[in-house]
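Read left to right, the sequence shown gives residues 46 to 237 (my numbering).
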Amino acid sequence: MSAGIPDRASALALLESWVENEGLRKHMLAVEASCRYYARIHGEDEDLWGTAGLLHDLDWEKYPDEHPRRGLAELEDRGYPDAILQAIKSHAPERTGVDPDSLLDRVLFACDELSGLVYACCLVRPNGIDDLKPKSVTKKLKDKSFAAGVNRDDVTRGVELLGIERSEHIQNVIEGMRNIAGVLGVRAEDRL
Ligand SMILES: [Fe+2]
Ligand SMILES: [Fe+2]
Numbered sequence: 046m047s048a049g050i051p052d053r054a055s056a057l058a059l060l061e062s063w064v065e066n067e068g069l070r071k072h073m074l075a076v077e078a079s080c081r082y083y084a085r086i087h088g089e090d091e092d093l094w095g096t097a098g099l100l101h102d103l104d105w106e107k108y109p110d111e112h113p114r115r116g117l118a119e120l121e122d123r124g125y126p127d128a129i130l131q132a133i134k135s136h137a138p139e140r141t142g143v144d145p146d147s148l149l150d151r152v153l154f155a156c157d158e159l160s161g162l163v164y165a166c167c168l169v170r171p172n173g174i175d176d177l178k179p180k181s182v183t184k185k186l187k188d189k190s191f192a193a194g195v196n197r198d199d200v201t202r203g204v205e206l207l208g209i210e211r212s213e214h215i216q217n218v219i220e221g222m223r224n225i226a227g228v229l230g231v232r233a234e235d236r237l
């Protein structure tokens with residue numbers, strides 16, 4: 046456990062007490078896994094980055110109109126570190142007026158929408174995430190009628206914020222999500 050961050054079990058318990066929707070829970074877990082993967086690549090604190098991903102949509106189900114303010118107030122009360130609060134604030138710049146700045150901010154923003162697209166791609170493939178390649182995701186990214194709820198502009202902005210190739214970012218999100226594929230139910234064997 047990292048200093049200053051409530052442990053994962055309590056973060057998960059908090060999530061489960063606020064979020065009932067299974068799809069939203071999976072979304073938050075997928076973003077957590079993606080952020081953890083990026084933390085590993087950059088030699089950063091996996092628990093810190095993962096927790097930001099895990100809790101970024103804490104209030105989305107209960108207080109959609111006040112997202113992410115209500116969640117932030119709760120996390121602040123519970124003593125979550127500033128880096129996490131800042132990242133959550135900046136994942137919704139159109140609501141908070143705060144743009145992503147730190148590397149964690151940018152990673153969270155970039156993984157948020159893209160993980161949803163990757164998840165949707167897994168669901169329409171016989172082998173799920175097992176053999177999913179960036180090329181297939183890119184194809185679906187360009188097909189605007191597929192997973193229409195995924196904001197393509199935000200995906201593009203996320204890639205720009207990271208300053209890496211789009212295919213590399215997609216690969217990283219796939220790798221991160223693969224680490225919890227069983228939990229997400231996106232493996233071939235989950236289809237049986
Ligand atoms: Fe959000
Ligand atoms: Fe989200």
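Don't be surprised by glycine CBs; every beta carbon is placed ideally from N, CA and C.
| Query | Result |
| --- | --- |
| My guess is that P126 and G194 are in contact by the Cβ rule of under 8 Å, so how many angstroms apart are they, rounded? | That pair is no contact at about 31 Å. |
| Pop quiz: D92 and R53 are said to be a contact at Cβ under 8 Å. What is the actual Cβ separation, rounded to whole angstroms? | 7 Å |
| With distance defined between alpha-carbon atoms, name the residue in A165, D199, L60 and R232 nearest to K107. | L60 |
| Can you tell which of E67, K71 and T96 has its C-alpha closest to the C-alpha of C80? | T96 |
| When we look at the beta-carbon of N217 and count the other beta-carbons within 10 Å, is it buried (16 or more) or exposed? | buried |
| Return helix, strand or coil for G203, following the three-state DSSP convention. | helix |
| What residues in its chain sit with their C-beta under 8 Å from that of L100, if we drop five residues either side in the sequence? | A56, L59, L60, M73, G116, L120, Y125, I129 and I133 |
| Do you know offhand how far H136's Cα is from P145's? | 7 Å |
| Pull up the distance between the alpha-carbon of D175 and that of R70, whole angstroms please. | 21 Å |
| If you measure from each residue's Cβ to the nearest non-hydrogen atom of ligand 1, which ones come out under 7 Å, in chain order? | H101, D102, W105, H112, P113, H136, A137 and D157 |
| Which residues in the same chain have their Cβ closer than 7 Å to the Cβ of V228, if we skip the five residues on either side of it in sequence? | L74 |
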